[in-house]
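Novice:
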C-alpha cells in the first residue's frame, strides 16, 4: 500500500493501520497530527483545513514515492483531513511498515516533514475570543 | 499516561492509542513490532516471548521515565506481549504524545531501542522445518 | 489577450470572495497576473507566495499560455 | 551455607527443566553460583550472560546473601 489521500470525513487510524499490515515486516511506525487546543498561549476552539487537492495528491504521492526509494520500507501511506476539525481530531496520519525499525522511523519522519513543507494545504485557526487566522508552517514550529 | 506493561493476551493498539489522546498535544508517534514470517532467509511459523516480569516492569518503567525526562513529551507508554505469538501478531507497542513531533519521534525511538537492550525478555523462534531456537538482539539486527 | 483559470485558496479565496475565476488578461507572466489580481482584490504582498501552473510549482517569471490553470500558493500549513 | 531463590528463563529454564529452585549453596558470588549450576544442568558458557540480584542488574562478583533472589539473564530479545 502506498497512497496519499485526502479525506473530508473523520480519519480512521485503525483501518489505515490494518491496510498496512504485512507479515514480512517486523516494524511499523506511525505519526498522527492532532488538533491542539492552543497555539502558543492562544486557546483554539477548532480549525479548518483547505487543500488544493488535485495538486496535493500529486505532490503527496511524490513524497511517498521518494520515501520508498530512499529508505528500505515496504508500505507507506498518508491521509490528510480537510474541512472543519474539532479539538482532538486527527488532522493527518502517516504509516510506514518495514523489515527493520530504523528505516521505518526515518521514512515516517521524512514523509511528515516533506508533506508539511510541500503539499498545498492551508490551516485556519478559530480562537476562543472569536478571532481567526490563516497560519503557516514557517511561522509555526 | 506513562506505563510499561506486559500482556499475555493479544495487544489492542486502538485502546492504547485512545488512552494516550491529549487535547494539549499536537503530535503522536507510535512504534509497533510485528512478528515476521522469517528471520533472514529462514521461514518462521510462530514465536514465544518469555519475560522476567517483576524486573522487566521495573526496567521498562525506568526507560519510560528517562524518556519523559530527556524529551519534551507528555505521554509515553509501552506494552509488551508474552507467551505464544502467531505471524503478524503485535509483539510490542510504544506510543508517545507530545506538543511537537520532533520530541515525539526522538522519545519513541529512544524507548524502543532501550527496551530491546535492557528489559529481560527472551524470544524463541519456531521454524517451518520443525527446529526452534532462542535468539537475541545482539545477533539480530 | 489570453484566458487562464485561476483557483483561489486560503486568505486569497476570502479576499477574492470566490473559489475560481476565468481571467482574461494581458499578463505575460505569473507574477504580472498576481499583481493584476492583487490590485483588484487587495491580495497581500507576494512575499513568500509561490505559484503553480497546471499543478506544478513554477517560476514567477514563467510565461502564461492561453488555457493555463494557475494557483497562487500561500505558505502551506498541513499536518 | 546460604539459601537463595533462583528463577530460570529461556534456554536456562529448558536446561534446568524447571522454572525456579531454592538452592542451598556454598557459593560466595553470583559467578560461583552460576558455575555450580552450570555443572549440574549443563548450562552454556557464562559468555554475555548477566545476573540480577533482587531484581537489579548486579556484578558477577557480588557476594550473595541468604534469601537473595537470583536470576541469570541471557542476552535479551524483546521488541
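Chains as they are written, first to last, in our numbering: chain A, 1 to 141; chain B, 1001 to 1141; chain C, 2001 to 2079; chain D, 3001 to 3079. Backbone N, C-alpha and C define an ideal beta-carbon position, used for all residues, glycine too.
For the region 69 to 96 of chain A, which residues have a CB atom closer than 7 Å to at least one CB atom of chain B, in sequence order?
Specialist: Listed in sequence order: 87 and 88.
Novice: Just to make sure I have the definition right: I need the residues of chain C whose C-beta is within less than 8 Å of the C-beta of residue 136(A). Which are they?
Specialist: Going along chain C in sequence order, the residues near residue 136(A) (Cβ under 8 Å) are 2074, 2075, 2076 and 2077.
Novice: Please work out which residues of its chain come closer than 6 Å, Cβ to Cβ, to residue 3007(D), disregarding the five sequence neighbours upstream and downstream, and give them in chain order.
Specialist: So the qualifying residues of the chain are 3020 and 3071.
Novice: Under three-state DSSP, which class holds residue 20(A)?
Specialist: In the structure shown, residue 20(A) sits in a helix (DSSP, three-state: H, G or I).
Novice: Express the C-alpha separation of residue 1060(B) and residue 3032(D) in angstroms, rounding to a whole number.
Specialist: Going from the Cα of residue 3032(D) to the Cα of residue 1060(B) covers about 29 Å.
Novice: Do you know whose CA, among 108(A), 126(A) and 130(A), lies nearest residue 66(A)'s CA?
Specialist: When each option's Cα is compared against that of residue 66(A), the closest is 108(A).
Novice: Please state whether the Cβ-Cβ distance between residue 1077(B) and residue 1098(B) is less than 7 Å.
Specialist: Going by C-beta atoms, residue 1077(B) is not nearer than 7 Å to residue 1098(B).
Novice: The beta strand (DSSP E) spanning residue 1081(B) covers which residue range?
Specialist: Residue 1081(B) -> beta strand (DSSP E) spans 1073 to 1081.
Novice: Would DSSP call residue 3077(D) helix, strand or coil?
Specialist: Of the three classes helix, strand and coil, the one that applies to residue 3077(D) here is coil, per DSSP.
Novice: Please state whether DSSP places residue 2051(C) in a helix, a strand or coil.
Specialist: Three-state DSSP puts residue 2051(C) in a strand.
Novice: Run through chain C and tell me which residues come within less than 8 Å of residue 33(A), C-beta to C-beta.
Specialist: Within 8 Å Cβ-Cβ: 2079.
Novice: List the residues of chain A that residue 2010(C) touches, going by C-beta distances under 8 Å, in chain order.
Specialist: Correct list: 50, 122, 124 and 134.
Novice: Report yes or no: do three or more beta-carbon pairs, one from the region 24 to 37 of chain A and one from the region 86 to 102 of chain A, lie closer than 8 Å?
Specialist: Judged by Cβ distances under 8 Å, the region 24 to 37 of chain A makes contact with the region 86 to 102 of chain A, as three or more pairs qualify.
Novice: Listing by chain order, which chain A residues have their CB less than 8 Å from the CB of residue 2051(C)?
Specialist: Going along chain A, no residue has its Cβ under 8 Å from residue 2051(C), so there is no contact; the nearest lies around 11 Å.
Novice: Could you tell me whether any Cβ in chain A is nearer than 7 Å to the Cβ of residue 2081(C)?
Specialist: Since the displayed chain C opens at 2001 and closes at 2079, residue 2081(C) lies outside it and no answer follows.
Novice: For residue 1007(B) versus residue 1079(B), is the C-beta distance shorter than 7 Å?
Specialist: Their beta carbons are under 7 Å apart, which means residue 1007(B) touches residue 1079(B) by this criterion.
Novice: At a cut of 8 Å, does the region 1110 to 1129 of chain B reach the region 2043 to 2054 of chain C through at least three beta carbon pairs?
Specialist: In short, these stretches do not touch, since the Cβ pair count stays below three.
Novice: Using a Cβ-Cβ cut-off of 7 Å, state whether residue 1115(B) counts as contacting chain D.
Specialist: Yes - at least one Cβ of chain D is within 7 Å of the one on residue 1115(B).
Novice: Keeping to the same chain, check which residues put their C-beta closer than 8 Å to that of residue 117(A); ignore five residues upstream and five downstream.
Specialist: Here the set comprises 137.
Novice: Can the beta-carbon of residue 87(A) be found less than 7 Å from the beta-carbon of residue 37(A)?
Specialist: Contact flag set, yes.
Novice: Exposed or buried, which one is residue 1026(B) when buried takes at least 16 other CB atoms within 10 Å?
Specialist: Buried is the call here.
Novice: Using 10 angstroms around the beta-carbon of residue 1141(B), count the other beta-carbons present and answer buried if the total reaches 16, otherwise exposed.
Specialist: Because residue 1141(B) sits at a pLDDT of 42, beneath the cut-off of 50, its placement in the model cannot be relied upon, and the point is left open.
Novice: In the DSSP assignment, find the beta strand (DSSP E) that holds residue 5(A) and state where it starts and stops.
Specialist: Counting along the chain, the beta strand (DSSP E) containing residue 5(A) begins and ends at 2 to 7.
Novice: From the DSSP output, in three-state form, read off residue 3070(D) for me.
Specialist: Of the three classes helix, strand and coil, the one that applies to residue 3070(D) here is strand, per DSSP.
Novice: Look up residue 1043(B) in the DSSP assignment and give the residues it is bridged to.
Specialist: DSSP lists 1038(B) as partners of residue 1043(B).
Novice: Starting from residue 1088(B), trace the beta strand (DSSP E) in both directions and tell me its first and last residue.
Specialist: Premise fails: residue 1088(B) is in no beta strand (DSSP E) and is neither H nor E.
Novice: Residue 3005(D) by DSSP, collapsed to three states: which one?
Specialist: Note: residue 3005(D) maps to strand in three-state DSSP.
Novice: Can you look up residue 3057(D) in the DSSP assignment and give me helix, strand or coil?
Specialist: Looking at residue 3057(D) - three-state DSSP - the assignment turns out to be strand.
Novice: Compare the C-beta of residue 119(A) with all C-beta atoms of chain F and state if any pair is closer than 7 Å.
Specialist: Any reference to chain F falls outside this structure, whose protein chains are A, B, C and D.
Novice: Along the chain, where does the beta strand (DSSP E) that runs through residue 133(A) open and close?
Specialist: Segment 132 to 135, the beta strand (DSSP E) holding residue 133(A).
Novice: Can you give me the start and stop residues for the alpha helix (DSSP H) that residue 121(A) sits inside?
Specialist: Counting along the chain, residue 121(A) falls outside any alpha helix (DSSP H), though it belongs to the beta strand (DSSP E) covering 121 to 127.
Novice: So residue 112(A) contacts chain C; which residues on that side make the cut at Cβ distance below 8 Å?
Specialist: Chain C residues near residue 112(A): 2079.
Novice: State the start and end residues of the unbroken beta strand (DSSP E) segment that holds residue 2019(C).
Specialist: Note, residue 2019(C): premise wrong, no beta strand (DSSP E); not H, not E.
Novice: For residue 33(A), does the three-state DSSP call read helix, strand or coil?
Specialist: Strand.
Novice: Taking a cut of 9 Å between CB atoms, which residues from the region 1008 to 1030 of chain B lie near chain A?
Specialist: Answer set for the region 1008 to 1030 of chain B: 1013, 1014, 1017, 1021, 1022, 1023, 1024, 1025, 1026, 1027, 1028, 1029 and 1030.
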